[in-house]
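Respectively, the protein sequence lines represent chains A and B.
Going by full-length UniProt numbering, the first sequence opens with residue 1, and the numbers climb by one from there.
Going by full-length UniProt numbering, the second sequence opens with residue 1, and the numbers climb by one from there.
In what follows, a single structure is set out as structure tokens and then discussed.
2 protein chains.
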Amino acid sequence: MTGPERPRRRSDVTRTAILEAARERFASDGYERATVRAIARDAGIDPSMVMRYYGSKEGLFAAVIDVELDFPDLSELDPDQLGVVLVTHFLDLWERDTVLRTLLRVGVTNESGSDRLRQVFATQLVPAARAFVPDPADAERRAALVASQVLGMALVRYVLKFAPAADMSREDVIGWLAPTVQRYITAETP
Amino acid sequence: MTGPERPRRRSDVTRTAILEAARERFASDGYERATVRAIARDAGIDPSMVMRYYGSKEGLFAAVIDVELDFPDLSELDPDQLGVVLVTHFLDLWERDTVLRTLLRVGVTNESGSDRLRQVFATQLVPAARAFVPDPADAERRAALVASQVLGMALVRYVLKFAPAADMSREDVIGWLAPTVQRYITAETP
DNA sequence: ACTGTATGCCAACGGTCGTTGACTTCGCCG
DNA sequence: CGGCGAAGTCAACGACCGTTGGCATACAGT
């Protein structure tokens with residue numbers, strides 16, 4: 001069994017310092033305004049080190065937006081609970097770290113960012129939807145509907161910070177959104 | 001009564017050419033990547049004219065994001081139709097011109113953009129919500145919920161262009177979203 | 001202890017940006 | 001037709017960006 005790895009290289013601490021500084025800068029400033037120089041300053045090293053370890057600003061960004069939606073096993077679940085479980089899971093994802101905020105911020109302005117976002121949608125959300133949507137041919141559409149509500153709430157709550165949305169408790173968000181998500185997944189097509 | 005205005009100044013045609021080029025550039029590139037030089041090139045004039053007429057890039061942007069949600073009169077409406085009417089109205093707004101796309105794109109990255117977006121929410125959407133939400137104290141929260149679903153759909157459909165969302169027909173979008181919006185406005189708090 | 005290599009800093013490059021001020025051209029009014 | 005202000009062009013500025021190559025330093029293997 002492998003315990004917590006000792007750094008293989010002396011530079012690993014610097015590498016992760018850069019990565020963490022980059023996460024925060026990209027999350028709060030977006031791709032264009034997050035400068036390599038500012039990230040390096042935050043990490044306490046020279047800008048040239050960023051280039052050495054990540055090749056380019058684009059390469060650093062690619063390392064930052066490595067996201068894993070990481071759905072729990074839903075196969076044994078009471079189907080009526082799908083909405084609650086999914087909304088709760090998404091809230092956890094958004095509050096755990098900044099990577100989704102980064103991806104949304106950048107995906108809206110930057111082409112390679114929105115490519116990545118479409119890719120996450122297609123390779124992680126849609127397959128998950130196939131698992132519990134009755135008609136698989138409909139899975140894409142239902143996944144898109146769920147995404148619209150979940151991303152929309154994330155947008156007004158965590159990015160735009162509309163006061164009433166940002167101030168809502170977790171429980172209230174779940175209480176309001178879960179029935180919507182539940183319907184998008186299980187309801188007959190209207 | 002005032003007919004269509006004759007240009008008061010010779011420069012008005014240039015002014016509006018700049019404004020239209022700016023609308024498109026800001027909408028498709030976001031604030032940072034939309035350069036004054038590119039906007040001027042699109043408008044067929046010198047970059048310095050942009051500064052003469054709008055003072056600065058920030059001033060030009062402020063002129064671009066003058067948005068009017070322009071709600072129809074809902075007071076005489078069957079309350080059961082609120083969802084359908086509102087979703088239809090929002091689809092019209094998003095498809096009519098690019099200003100909302102611009103505002104969303106920029107609001108996600110730029111502080112003055114998100115300020116403006118919060119302002120539109122507070123001064124246009126919330127007051128409209130007060131008109132048809134039973135408990136006025138709840139109007140802010142319900143307006144935020146509606147905004148989350150409407151902005152979320154606009155995001156995946158018009159900005160991120162998730163294929164299943166972008167390919168949905170207007171009727172399907174209305175059919176799926178209207179019940180959600182209807183519930184956010186009229187349902188008991190869960 | 002010596003040496004090769006990994007790690008880090010420094011200074012500078014070419015490019016692009018927003019912005020400015022001086023200069024030229026156009027069009028109207030007397 | 002002459003003059004004058006508006007409209008537009010042009011070249012340049014200072015700043016900042018991503019990126020590069022050379023040089024100093026610290027470390028690990030022998």
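Heads up, the beta-carbon is just placed ideally off N, CA and C, and yes, glycines get one too.
Counted as a single uninterrupted DSSP element, the alpha helix (DSSP H) harbouring B/F61 occupies residues K57 to V64.
In this structure, DSSP gives A/R157 a helical state, which the three-state scheme calls helix. Closest option to A/L100, judged by alpha-carbon separation, among A/A147, A/G55 and A/L82: A/A147.
Interface criterion not met: the Cβ of A/Q81 is under 8 Å from no Cβ in chain B. The beta carbon of A/V84 sits no closer than 8 Å to any beta carbon of chain B. Under the Cβ distance rule, A/T186 does not count among the residues neighbouring chain B, no pair being separated by less than 8 Å. Note that the region 65 to 84 of chain A does not touch the region 34 to 41 of chain A; fewer than 3 beta-carbon pairs, one per stretch, sit closer than 8 Å. At a cut-off of 8 Å between beta-carbon atoms, A/Q149 makes contact with chain B.
Proximity of the region 53 to 69 of chain A to the region 116 to 127 of chain A meets the contact definition, three or more beta-carbon pairs being nearer than 8 Å. For B/A163, the enclosing alpha helix (DSSP H) has its first and last residue at A163 to D167. Taking the Cα positions, A/A22 is about 16 Å away from B/T109. By the 16-neighbour rule on beta-carbons within 10 angstroms, B/E58 is exposed. A/R9 carries a coil assignment under DSSP once its states are collapsed to helix, strand and coil. When secondary structure is reduced to three states using DSSP, B/S75 falls in the coil class, being assigned neither helix nor strand. The Cβ atoms of A/W176 and B/P136 do not sit closer than 8 Å to each other.
Taking C-beta atoms as the reference points, B/L69 and B/L104 fail to come closer than 8 Å. In the DSSP annotation of this structure, the continuous segment of the alpha helix (DSSP H) that includes A/A178 starts and ends at R170 to T186. A/W176 has a beta carbon lying within less than 8 Å of a beta carbon in chain B. Of B/R96, B/L160, B/Y31 and B/A178, the smallest CA-CA separation from B/V87 is found for B/A178.
When the beta-carbon positions are compared, A/A27 and A/A43 stay at least 8 Å from each other. For B/D12, same chain residues with a beta-carbon under 7 Å away, outside a window of 5 residues either side, do not exist. Only R105, V106, G107, V108, T109, N110, S114, L117, R118, F121 and A122 from the region 105 to 122 of chain A bring a Cβ to less than 9 Å from some Cβ of chain B.
Beta-carbon to beta-carbon, B/F121 and B/L82 are separated by about 18 Å, too far to satisfy the 8 Å threshold.
Straight through space, the alpha carbons of A/V50 and B/V159 are spaced by roughly 31 Å. Using a CB distance below 9 Å, the part of the region 7 to 33 of chain B facing chain A consists of D29, G30, Y31, E32 and R33, ordered along the chain.
Look at A/E140: its C-beta is under 8 Å from a C-beta on chain B. In this chain, the alpha helix (DSSP H) harbouring A/E111 covers E111 to V120.
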